[in-house]
Each structure stands twice: as structure tokens, then as C-alpha cells.
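Peer 1: This is the structure I have questions about; it appears just below.
In the numbering used here, the protein residues as written are 8 to 743.
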């Protein structure tokens with residue numbers, strides 16, 4: 008099996024790219040996929056195996072499903088182009104390209120095939136279709152893909168299915184340009200069932216061999232009575248063999264047949280754009296100029312991945328740990344991905360205009376997830392990308408007059424809650440990346456923090472939050488506590504920035520707001536508890552209600568224990584509410600001892616680091632982080648604790664394995680813990696940090712930290728500012 012083969016490569020790994028296993032996260036609802044993609048690439052070419060067969064364990068049409076691939080499924084119905092990785096709602100995953108052989112069949116429940124011999128490495132995927140004996144290979148550039156299908160002697164077929172995919176939106180158009188090229192568009196969107204968040208993808212597909220025959224297909228509408236008897240195609244797929252103009256519909260496609268010789272390879276190139284067909288063609292011609300070979304593209308993808316992964320070099324540790332680390336780093340470089348075409352054009356945020364940029368314009372901002380740790384990783388290791396991500400957010404504000412919450416290809420999906428752009432921008436600025444208009448940024452952040460609810464896209468329930476200091480429970484399951492906790496963190500970030508900018512009155516306003524979490528603390532249960540409109544606590548109350556995604560009054564995707572300690576900006580204040588350090592520590596430890604901690608649920612992922620706020624309790628952080636890494640992060644397909652959430656789970660592992668973690672978004676500090684490796688070299692960009700590297704060493708045993716040295720000098724704390732981290736040069740952990 009390809010999975011075992013990929014893992015076996017670790018034994019002879021020579022470079023960081025060799026440690027990556029793209030199959031990690033492809034089960035256990037990790038929602039990653041093993042498709043071919045380059046860092047931050049718009050294009051990904053992914054095996055699509057979640058429909059068409061009763062033998063599949065998971066089917067996109069029979070359950071909540073948000074990924075084009077599941078490692079336990081074995082029925083392939085094509086390769087989807089442009090996919091999402093590590094998200095919780097279905098979208099994209101369209102333009103299904105499928106090779107077959109023998110008699111032409113365009114019904115996916117019949118033309119699909121089982122497969123073997125899977126191999127996936129960064130920038131490349133392959134398998135063998137058992138039904139046809141066709142070897143399939145995929146690779147990619149930033150905006151294009153290249154497929155290579157190796158056929159036996161006889162009739163070979165290529166199908167471009169525009170009717171199916173993960174998106175819940177329908178409708179497509181396709182047109183033959185010539186015998187070997189088609190162009191068209193397909194409507195995508197309705198992410199997390201936002202009915203208006205739709206957008207088109209444009210494509211151009213070229214084949215390197217002229218077909219023997221070609222045509223379209225379309226699923227015909229069901230007919231009744233005499234009409235059905237007369238037509239003969241009622242509710243069936245109709246092949247168009249002598250029509251080659253333009254075809255549109257909800258379930259349409261284009262097919263090609265070939266006379267193939269034994270071992271003949273046919274290659275297919277696809278370029279995409281979210282602007283126009285002309286740009287899709289330009290992307291294709293620019294990134295795959297005449298004469299470009301499949302192997303050249305594959306080699307370029309590997310080289311790019313290795314360069315980016317090599318910004319952090321690790322020594323020591325096990326081969327498994329290196330595999331976990333570099334696979335996690337790989338997963339952090341898939342989203343956000345570029346949106347602009349090679350000519351700089353991109354679709355306006357929530358508008359119809361086509362705009363132009365001279366830098367990278369990013370998309371897929373899963374900010375409720377990524378504001379907690381992912382952007383902090385980008386800031387440190389890939390600052391040039393983080394700068395463009397922040398500049399993109401400011402451009403979105405210029406275009407839409409709101410910062411993004413969960414943006415997807417120019418549409419605001421409004422998924423999850425809070426005001427997550429604020430801590431991202433503040434964290435970036437506070438750490439010294441300031442090449443953006445901070446006054447415009449402050450304007451946009453202040454707007455979402457003060458606009459009345461009826462006009463507030465980010466905080467629709469802000470009126471009570473401002474008037475009372477909390478969001479009351481207005482409906483049984485309205486996530487009110489979760490909303491307010493997110494607002495408190497955003498407002499604390501605003502306080503931090505306002506203070507730094509000399510806006511004293513604003514700073515006081517936002518600081519006072521950020522302390523409103525205290526309203527929710529209930530002494531009876533020792534947890535946060537929803538509050539009713541009349542100011543009394545909700546009841547009857549069970550702090551465990553909400554486990555395993557069951558509905559929970561006041562809390563989103565979790566229960567009170569997943570949220571009670573989610574006050575990262577005032578940990579010691581929360582401890583005081585709970586009766587002091589000892590009670591706080593015992594209660595937090597109980598969360599782990601009783602299994603209440605959910606490593607895949609963002610609000611509590613920083614819980615292990617909270618012990619280190621209290622002198623003498625740092626060992627608990629070190630013990631728990633080590634245990635959680637070993638338990639939940641492996642190089643197997645289930646090697647993530649749950650949904651990857653566009654790099655958030657992986658960012659937790661990366662920071663934890665390096666020995667420091669940014670547990671409070673918007674505050675430029677880290678909590679220290681035991682590093683996994685003997686030596687970690689982070690290549691820093693001197694243009695941003697004034698120095699070219701940070702070295703982290705672990706000496707002694709593999710137990711608890713006995714001593715920390717910062718730049719050769721003894722360091723007695725377990726929290727470190729970003730400035731001190733950057734300028735330390737070397738940090739040494741001496742362990743028992």
C-alpha cells in the first residue's frame with residue numbers, strides 16, 4: 008500500500024520533504040487529503056473517493072462530509088481540482104477528471120474504480136485503477152495541474168465531470184475550443200450552508216493527444232407520460248456525439264475517447280482562475296509553457312516544498328517525531344492560499360469588480376481557528392507571508408468595509424463566531440511586523456467593536472454585550488457564552504493596541520469590556536455558565552452538556568469545561584475568581600484527569616500551558632504536552648486529534664515540539680515547555696528580525712526542565728516575550 012510505502016521513506020529520509028506523509032489526517036475526521044499541491048497553491052489535484060459506491064465507508068451524500076478523500080474508502084470517481092484541506096463544511100472539490108478504458112460510460116456509479124498502490128509525497132500523488140489497469144499520476148503548480156494516465160492497448164477515455172463535487176451549489180458550462188481543449192466554468196459555494204456565498208471557478212483543460220471522438224453529456228430532466236416515451240432519455244445521461252458548441256446544465260460533462268497503445272501515457276493540463284476563462288488560460292500557459300514535462304513540474308513542486316520546510320531544521324528525536332513535525336509544517340502551508348492570477352487579477356471581496364494586486368492576495372481565512380496559533384507561526388517563520396495575509400485582510404476591509412470572519416474565495420461565509428481578525432492583526436503588529444496601515448486597521452477594528460448590532464456584521468449581538476458586559480442566552484442553543492468569550496479576547500487585543508498607539512480612553516474602554524467574562528463565573532459549579540436576559544443563571548445546568556457535538560446552551564461545539572478556562576488574557580484573574588492558585592490548578596488538572604479536555608476543540612487547546620502561569624506548576628505543562636503529542640499526533644492516517652482546521656492542529660504540534668507556545672492571541676509572549684528535539688534551528692528573515700536564526704537546544708535527559716539558558720545566561724521564568732525570543736540567538740533547556 009502507498010501509505011506504508013510513504014511511511015517507510017522516513018528510514019532513508021535525507022531532507023525535510025522526505026519526512027512528510029500527506030496521508031496523515033485523512034481519517035478520524037482530520038479532513039486533510041493526499042492530493043498534489045504546492046505551498047499556498049490555488050490548485051490542488053486530489054483523489055475523489057467519497058461517492059458512487061455502497062462499498063465506501065463514507066459517502067458525501069449520506070452524511071455530513073467535508074473532504075474529497077477518506078483513506079478507508081476505495082472507490083475513485085475522479086480527481087478533483089481546487090480543494091479545501093482541514094475544514095468542517097463541504098465546498099469546492101469539483102472539476103472531476105477521470106480516466107477509464109473500454110466502452111464509454113459517463114455514469115459515475117458505474118465508471119468509478121477501486122485502486123491500489125497509492126503513493127503521496129508533497130506535490131505528487133499516484134495510484135493504480137484496478138478496474139482498468141490505468142496508472143494515475145498527479146502533480147501541480149500554483150495555479151495549474153498536470154495529470155499523467157498510463158493506459159493499456161485498446162480504447163481509453165477521459166471524462167471531465169462538472170456535475171458532481173463537494174460543493175452544494177450546482178450549474179456549469181463547458182465548450183470545446185478544439186479537439187484537445189475545453190474551457191468553461193462551474194458555480195461553487197454555500198460553505199456551511201450560507202446560501203448567498205457562491206462564486207464561479209473558471210478552467211481550461213488541454214490534452215496532449217488528439218482524441219478519436221469527443222462530445223458532451225448531460226443528465227436529462229425526468230419526464231412523464233407520452234413525453235417520456237417519446238424522448239427515451241428521461242432521467243438518463245444523454246451523450247452528445249455530433250454537437251460541439253456550448254453545453255450548460257446542473258449535471259454536464261465532456262468526454263474524449265482514444266486509441267491507445269500498450270503503456271501509452273496521455274497527459275492532461277488544467278489551469279484555473281476565479282476571474283475568467285482568459286486568465287485560466289494565461290495561468291496555464293505561464294506556469295506550463297510549451298515543452299514543460301510532468302517530471303519537471305513534479306521536481307519543481309518537491310524543490311519548493313523542501314525549501315519552505317527547511318526553514319526549520321530539527322536534529323535528534325525519533326524518525327516518527329520528525330515525520331510528525333514536518334507533516335504538521337506541511338499542513339500549515341496549504342491555507343490560506345493565493346487567489347490572484349499570474350497577471351495579479353482577483354475577484355473583489357463581496358463585490359463584482361475585478362481588481363489587481365502586485366503581491367500575493369490570499370483566501371480561505373478560517374480565522375476562528377487560525378487566530379489562536381497559526382498566524383503566530385507564520386509571523387515567526389514565514390513573516391513575508393504573514394505580512395501579505397494581513398495586507399490582504401486590510402484590502403478586504405477597503406473593499407467590503409469589514410474585516411473577514413471566515414472568508415472563502417471572496418465571499419464572507421460568517422462561519423463560527425467572534426471577531427477573529429482583531430487578534431491576528433494586533434499580534435502581528437505587536438511583534439514588529441508593521442508594514443501596513445495601522446490607522447486604517449484600527450478604524451476597521453474599532454468599527455466592529457462599536458457598531459450597533461443591527462448594522463454589525465461581525466458582532467450582531469453586541470448591544471447587550473456593550474450594555475451588560477455579556478451576551479445573554481436568548482434562545483436554547485444560541486452559543487451566547489462562546490460569542491462573548493471571543494469578544495473579550497478581541498477587545499483585550501484592541502486594548503493592547505490602543506494603549507500602544509496612545510489612545511488612552513479607548514484602551515480603558517476595551518480593557519474594561521475584556522474583563523466582562525467574570526459575569527459568567529458561577530461559584531456553585533466553579534465554571535462559566537450561561538446568563539438569561541433577566542440576569543440570572545440558566546438552569547438546570549450541566550457543565551458537561553455539549554460533549555461530542557451535542558447541542559449545548561450557550562456553548563458552540565463544546566461544553567462549559569471546554570470554555571471555562573478560555574480566558575487567556577486574564578488567567579490569574581480567573582484563578583482569583585476560583586479561589587486562588589491551588590483551586591485553579593486542581594480544577595484544571597481535573598479537566599485532564601477526567602477526560603474533559605478535547606485536543607481537537609480550539610477553545611481549550613491552550614489549556615496545558617495555563618499551569619505555567621503559576622510558579623512550581625510548570626512541570627504539569629511539560630508532562631501534559633509530552634503526553635498529548637505522543638497520544639494524538641502520529642504519522643498514521645489518524646495521526647491528528649480531529650479536524651485539522653486549516654493548520655491549527657498542526658501549529659499546536661509544531662510550537663509544542665519546539666518548546667514554546669503563544670497561548671494568548673494578541674499578546675507577544677510565549678509559554679515555555681520541553682522541546683521534543685535535541686536541536687532546532689529556525690531560519691529567521693533578517694529583513695524582518697535583524698538576525699538570521701534562532702537555535703533551541705535540549706541537553707541532559709528527556710524529563711522535566713531543570714534549567715533554562717537564554718543567550719548563555721540563566722533564565723528563571725517560563726514565559727518569554729517575542730522580542731527576547733528573537734534576539735536570544737540560542738535557548739538551551741537543561742532537562743533531568
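Even for Gly, the Cβ is constructed at its ideal location relative to N, Cα and C.
#1: With respect to the alpha helix (DSSP H) encompassing residue 512, which residues constitute its N-terminal and C-terminal limits?
#2: Where does residue 385 sit, in a helix, a strand or coil, going by DSSP?
#3: Measuring straight from C-alpha to C-alpha, what distance separates residue 394 and residue 440?
#4: Using a Cβ-Cβ cutoff of less than 6 Å, which residues in the same chain neighbour residue 414 once the five nearest sequence positions on both sides are dropped?
#5: Taking the Cβ atom as the reference point for each residue, do residue 311 and residue 45 lie within a distance shorter than 7 Å?
#6: Tell me the DSSP secondary structure of residue 736 in three-state form.
#7: Beta-carbon within less than 7 Å of residue 539's beta-carbon, same chain only, minus the 5 sequence neighbours each way: which residues are those?
#8: Could you tell me if residue 696 is buried or exposed, where buried requires 16 or more neighbouring beta carbons within 10 angstroms of its beta carbon?
#9: Can you list, in chain order, the stretches of the beta strand (DSSP E) that have 3 or more residues and sit fully within the region 336 to 402?
#10: On the three-state DSSP scale, how would you describe residue 596?
#11: My output table needs one value for residue 301: the three-state DSSP class, helix, strand or coil.
#12: Between residue 770 and the rest of its own chain, which residues show a CB-CB distance below 7 Å, the 5 nearest in sequence each way excluded?
#13: Could you pull the DSSP bridge partners for residue 266 from this structure?
#14: Around the Cβ of residue 23, are there at least 16 other Cβ atoms within 10 angstroms (buried) or fewer (exposed)?
#15: Could you check whether the region 161 to 168 touches the region 91 to 98, counting it as contact only if at least three pairs of C-beta atoms, one from each stretch, sit closer than 8 Å?
#16: Distance check for residue 309 and residue 131, CA to CA, integer angstroms please.
#17: Using 10 angstroms around the beta-carbon of residue 461, count the other beta-carbons present and answer buried if the total reaches 16, otherwise exposed.
#18: Does the beta-carbon of residue 41 have 16 or more other beta-carbons within 10 angstroms, so that it is buried, or is it exposed?
#19: What whole-angstrom Cβ distance do residue 194 and residue 207 have, given they're in contact under 8 Å?
#20: State buried or exposed for residue 597, treating a residue as buried only when at least 16 other CB atoms are found within 10 Å of its CB.
#21: Can you give the beta carbon distance from residue 565 to residue 608, rounded, assuming they're within the 8 Å contact cut?
#22: Report the residue from 503, 643 and 467 whose alpha carbon sits nearest the alpha carbon of residue 449.
#23: Got a sec: does the ligand ADP put a non-hydrogen atom nearer than 6 Å to the Cβ of residue 693?
#24: Report yes if the CB atom of residue 490 is closer than 7 Å to the CB atom of residue 419, and no otherwise.
#25: Do three or more CB pairs link the region 634 to 641 to the region 690 to 707 at distances below 8 Å?
#26: Residue 747: buried (16+ other C-beta within 10 angstroms of its C-beta) or exposed?
#27: Where does residue 701 sit, in a helix, a strand or coil, going by DSSP?
#28: State the DSSP-derived secondary structure class of residue 13, mapped to helix, strand or coil.
#29: Consult DSSP for residue 542 and reduce its assignment to one of helix, strand or coil.
#30: Alpha carbon to alpha carbon, how far is residue 43 from residue 432?
#31: From the DSSP secondary-structure annotation, give me the bridge partner or partners of residue 113.
#32: Can the beta-carbon of residue 625 be found closer than 7 Å to that of residue 725?
#33: List in chain order: all unbroken beta strand (DSSP E) runs of 3+ residues lying wholly within the region 672 to 722.
#34: Reducing DSSP to helix, strand and coil, say where residue 573 ends up.
#35: Going by CA-CA distance only, name the one from 122, 558, 690 and 144 that's closest to residue 138.
#36: Does the beta-carbon of residue 13 have 16 or more other beta-carbons within 10 angstroms, so that it is buried, or is it exposed?
Peer 2: Answer, in terms of the structure:
#1: The sequence position of residue 512 within the chain shown is 505, counting from 1. Unbroken alpha helix (DSSP H) run through residue 512: 511 to 521.
#2: By one-based count along the chain shown, residue 385 stands at place 378. Looking at residue 385 - three-state DSSP - the assignment turns out to be helix.
#3: Within the chain shown, the letter at position 387 stands for residue 394. Within the chain shown, the letter at position 433 stands for residue 440. So the alpha carbons of these two residues sit roughly 7 Å apart.
#4: The residue given as residue 414 occupies position 407 in the chain shown. Excluding residues within five positions, the ones whose Cβ falls inside 6 Å are 372.
#5: Position 304 of the chain shown, counted from the first residue, corresponds to residue 311. Position 38 of the chain shown, counted from the first residue, corresponds to residue 45. The answer is yes: Cβ separation under 7 Å.
#6: The count along the chain shown starts at 1 and reaches residue 736 at position 729. Coil at residue 736, not helix or strand.
#7: Residue numbering aside, residue 539 sits at position 532 when the chain shown is read from its first letter. Correct list, in chain order: 479, 480 and 545.
#8: For the purposes of this step, residue 696 is identified with residue 689 of the chain shown, where counting begins at 1. When all chains shown are included, residue 696 counts as buried.
#9: 352 to 354 and 361 to 363
#10: Within the chain shown, numbered from 1, the residue matching residue 596 stands at position 589. DSSP places residue 596 in helix when its eight states are reduced to three.
#11: Within the chain shown, residue 301 is the residue found at index 294, counting from 1. Correct three-state label for residue 301: helix.
#12: Residue 770 falls outside the range modelled here, since the chain spans only 8 to 743, and no answer is possible.
#13: In the chain shown, residue 266 corresponds to position 259, counting from 1. Residue 266 is bridged to 162.
#14: As a position in the chain shown, residue 23 is number 16, starting the count at 1. Buried, because 16 or more other Cβ atoms sit within 10 Å of the Cβ of residue 23.
#15: As far as the Cβ criterion goes, the region 161 to 168 does not touch the region 91 to 98, which means the pair count is below three.
#16: Stepping through the chain shown from its first residue, residue 131 is reached at position 124. Stepping through the chain shown from its first residue, residue 309 is reached at position 302. Taking the straight line from one Cα to the other gives about 8 Å.
#17: Indexing the chain shown from 1 puts residue 461 at position 454. Answer is exposed; the Cβ neighbour count stays below 16.
#18: Your numbering for residue 41 matches position 34 in the chain shown. So residue 41 ends up on the buried side.
#19: In the chain shown, residue 194 corresponds to position 187, counting from 1. In the chain shown, residue 207 corresponds to position 200, counting from 1. Between residue 207 and residue 194 the Cβ distance is about 6 Å, and since that is below 8 Å, they are a contact.
#20: As a first step, residue 597 is located in the chain shown; it is residue number 590 there, counting from the start. So residue 597 counts as exposed.
#21: Locating residue 565 in the chain shown gives position 558, where the first residue counts as 1. Locating residue 608 in the chain shown gives position 601, where the first residue counts as 1. Indeed, because the Cβ distance is near 5 Å, the residues count as touching under 8 Å.
#22: Numbered from its first residue, the chain shown carries residue 449 at position 442. The residue with the shortest Cα to Cα distance from residue 449 is 503.
#23: No copy of the ligand ADP appears in this structure; indeed no ligand is present at all.
#24: Numbered from 1 along the chain shown, position 483 holds the residue referred to as residue 490. Numbered from 1 along the chain shown, position 412 holds the residue referred to as residue 419. Cβ atoms of residue 490 and residue 419: not closer than 7 Å.
#25: no
#26: Residue 747 is absent from the model: the chain starts at 8 and stops at 743.
#27: Taking the first residue of the chain shown as 1, we reach residue 701 at position 694. Reduced to three states, the DSSP call for residue 701 is strand.
#28: On the chain shown, residue 13 is found 6 positions in, with the first residue counted as 1. Reliability of the predicted coordinates at residue 13 is poor, the pLDDT of 47 falling under 50, and no value is obtained from them.
#29: Start at 1 with the first residue of the chain shown, and residue 542 comes out as number 535. Residue state, collapsed to three classes: coil.
#30: Here residue 43 is taken as the residue at index 36 of the chain shown, counted from 1. Here residue 432 is taken as the residue at index 425 of the chain shown, counted from 1. The alpha-carbon atoms of residue 43 and residue 432 are separated by roughly 31 Å.
#31: Along the chain shown, one-based indexing puts residue 113 at 106. In the DSSP assignment, no residue is bridged to residue 113.
#32: Counting from 1 along the chain shown, the entry for residue 625 is found at position 618. Counting from 1 along the chain shown, the entry for residue 725 is found at position 718. Yes.
#33: As far as the region 672 to 722 is concerned, its whole beta strand (DSSP E) runs of at least 3 residues are 676 to 679, 686 to 690, 700 to 707, 712 to 717 and 720 to 722.
#34: Translated into positions along the chain shown, residue 573 becomes position 566. Coil.
#35: On the chain shown, position 131 is the one that residue 138 refers to. When only C-alpha atoms are compared, the closest one is 122.
#36: Translated into positions along the chain shown, residue 13 becomes position 6. Bear in mind that the predicted position of residue 13 carries a pLDDT of just 47, short of 50, making it too unreliable to give a figure here.
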